[in-house]
Amino acid sequence: FPVAPETEDEGKTLQLVESYLRNFYDFQRDHHPHLRSNNENRLVEKLKEMQAFFGLKVTGKPDLDTLGMMKKPRCGVPDIGR
Amino acid sequence: YVFTAGNPKWKKNNLTYRILNYTPKMRQADVEEAVRKALHVWSNVTPLTFQRVEDKEADIMISFAYRDHRDNSPFDGPNGQLAHAFQPGEGIGGDVHLDEEEAWTKDGRGYNLFIVIAHELGHSLGLSHSSDPGALMYPAYSYTDPKEFLLPQDDIDGIQAIYGQSNAAVQPTGPITPQACDPNLTFDAITTLRGEIMFFKGRYMLRKHPARAETELNFISLFWPNLPSGIQAAYENVERDEVLLFKEDKYWVLRGYDVAPGYPKPIYRLGFPKTVKRVNAAYSDETTGKTYFFVADRYWRYDENKRSMDHGYPRKIVSDFGKIGRVDAAFQKDGHVYFFHGTTQFQFDPRAKRIVGRMKSISWFNC
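Chains W and G are the protein sequences, given in the same order.
In case it helps, my numbering puts the first sequence at residues 1 to 82.
In case it helps, my numbering puts the second sequence at residues 83 to 449.
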């Protein structure tokens, strides 16, 4: 069945968020599927770190302002870590 | 500002650089000028010097690269990641890589090469990303006219903390990013714009939307790359859906959100005498169609329908508005006029013709 647009958007959003946090905030995905809640917690923590860095509202959620910032062209050097 | 983890720095002040290749999107001379200007941004505030070398290894190797270029950090095509650089050190240390697939330019179109290289050189010298939105080392790209570029104070403080001050007799200083809740914040100009309020300060604009609690800080150039920084006066003609912006003896018109073609024009077109060199503040009364221009201790009144100055002006500000002093900025909202003088704001009732309130300049920002 065709994927409902909202679900597709969610997928894209998650992909954007994960790759941004992986590139610039040292987010490491845990490759044990059964530890899903772990992953989500870590993602939320990293998202909060990114929101705090940019002075955005720290919600731990990919809200509009946060996604807007993630879509801005930027430097490839990570914001934290080496 | 933030140092790169481990505080890496060059152990010498006289560094070398080399341009390994060029982008076909710019003339070679323009690329070289952008590099030279970017290096000068940092040498101007530190004891560092940069000498160009050819045909041999330099401390800072500058190159344009495409996707995977064997440094474990592949580029991602147009937009997204524009460039990256490596911290001070041997080999790849200090090197700057620019994504060849970006639209590199020497002006406000695409991505300005000078701005991006100046940022990456900050990494080459040991700085990491700053969370100050006005800093050059802020991670997101933002355009500033290179002719107007000044290294912000946050970056000066950072690089001097690593390499010390410049050898110049007078230490260069840079712009500081305005903080909405800074009690000492003053404004260059203020205008309404389709229900929002725009507060202009240097190269920044603080934007206040009535439905949002936060105040948004942006570079003026983000919305209007062709406008200068340091706007001195502004007002909205609600009926015509226009905002007029003034700097020195010129003015621009925004129609909706876009700078109208054919501007700037001399302010004398509006009827100012040649003795007037700049406008300090302005507001337009939507009900009467009259616009008030404040210059030093006097003001002019302009009829928006006749499109000419009313006779009998200028008049003394104090005689008609009371003791509000020189006006830095003014705007009208919900029937009241708000005059800003330094960190003081006066609320003026144009019907009663008297001051009815006095607040701090930052009262609009929910501090």
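C-beta atoms are modelled at their ideal positions from N, C-alpha and C, and glycine is treated no differently.
It should be emphasised that the depicted structure is a prediction, and the values quoted were computed from it without experimental measurement.
For F27 of chain W, the nearest beta carbon of chain G is not closer than 8 Å to its own beta carbon. Annotation note: the segment 38-79 of chain W contains the following uninterrupted alpha helix (DSSP H) runs of length 4 or greater, listed N- to C-terminal: 64-70. In the three-state reduction of the DSSP assignment, G204 of chain G falls in the helix class, which pools H, G and I.
V17 of chain W has its alpha-carbon roughly 15 Å from the corresponding atom of F53 of chain W. For G246 of chain G, no beta strand (DSSP E) run applies, since DSSP gives it neither H nor E. When the five nearest sequence neighbours on each side are left out, the beta carbons in the same chain lying within less than 7 Å of the beta carbon of R408 of chain G are those of N362, A378, D379 and H423, in order along the chain. Put simply, the CB of D79 of chain W is near chain G, with a gap under 8 Å to one of its CB atoms. With a cut-off of 8 Å on Cβ pairs, the segment 213-226 of chain G is in contact with the segment 59-79 of chain W, counting three or more such pairs. Within its own chain, the residues whose Cβ lies closer than 6 Å to the Cβ of L102 of chain G, once the five positions on either side in sequence are excluded, are M143 and S145, listed in chain order. In chain order, V117, L121, F132, Q133, R134, V135, A140, D141, I142, M143 and I144 place their CB closer than 8 Å to the CB of Y99 of chain G, counting only its own chain and leaving out the 5 sequence neighbours on each side. Along the segment 167-238 of chain G, the alpha helix (DSSP H) occurs as fully enclosed runs of 4 or more residues at 195-206, listed in sequence order. K91 of chain G places its beta carbon less than 8 Å from that of Y245 of chain G. Not one beta carbon of chain W lies nearer than 8 Å to the beta carbon of A200 of chain G. The beta strand (DSSP E) runs of length 3 or more contained entirely in the segment 346-418 of chain G are, from start to end of the chain, 363-367, 372-377, 380-385 and 411-415. Around the Cβ of K398 of chain G, a 10 Å sphere holds fewer than 16 other Cβ atoms; the residue is exposed. Excluding five sequence positions before and after F281 of chain G, the CB atoms of its chain that fall closer than 6 Å to its own CB belong to F269, I272 and L288, given in chain order.
The beta-carbon of P73 of chain W is placed less than 8 Å from the nearest beta-carbon of chain G. Contacts between M69 of chain W and chain G, judged by CB atoms closer than 8 Å, involve A222 in chain order. Along the segment 241-267 of chain G, none of the residues has a CB nearer than 9 Å to a CB of chain W. Per the coordinates, the alpha-carbon of V341 of chain G lies some 7 Å from the alpha-carbon of W306 of chain G. Contact between L203 of chain G and V178 of chain G holds, with the beta-carbon distance rounding to 7 Å and staying under 8 Å. If only uninterrupted alpha helix (DSSP H) runs of at least 4 residues are considered, those enclosed by the segment 280-338 of chain G are 302-305. The beta carbon of Q253 of chain G sits closer than 7 Å to those of Q247, all from its chain and outside the five residues before and after it, given in chain order. Taking a Cβ-Cβ threshold of 7 Å, the residues of chain W close to H166 of chain G are C75, G76 and V77, in chain order. Distances from the alpha-carbon of N95 of chain G to those of G:S303, G:L207, G:G173 and G:D150 put G:L207 closest. In the three-state reduction of the DSSP assignment, N89 of chain G falls in the coil class. Residue environment for T255 of chain G: exposed (fewer than 16 other C-beta atoms within 10 angstroms of its C-beta).
The contact set of G55 of chain W on chain G, defined by CB atoms closer than 8 Å, consists of S213 and P215 in chain order. Between H418 of chain G and Q429 of chain G, the C-beta spacing is below 8 Å. In the structure shown, A116 of chain G falls within a helical segment according to DSSP collapsed to helix, strand and coil. By the Cβ rule, the segment 181-190 of chain G does not count as touching the segment 41-55 of chain W, because fewer than three pairs are nearer than 8 Å. For the options G:G439, G:F413, G:K329 and G:P432, the alpha carbon positioned closest to that of E278 of chain G is the one of G:F413. If you draw a 10 Å sphere on the C-beta of G338 of chain G, you find fewer than 16 other C-beta atoms in it, and that means exposed.
The secondary-structure analysis by DSSP pairs H423 of chain G across a beta bridge with G:T426. Sequence-distant partners of V127 of chain G (beyond 5 residues in either direction) whose C-beta falls short of 7 Å from its own C-beta, in its chain, are L233, I238, I241, Q242, S248 and P254.
The continuous beta strand (DSSP E) containing T131 of chain G extends over residues T131 to R134.
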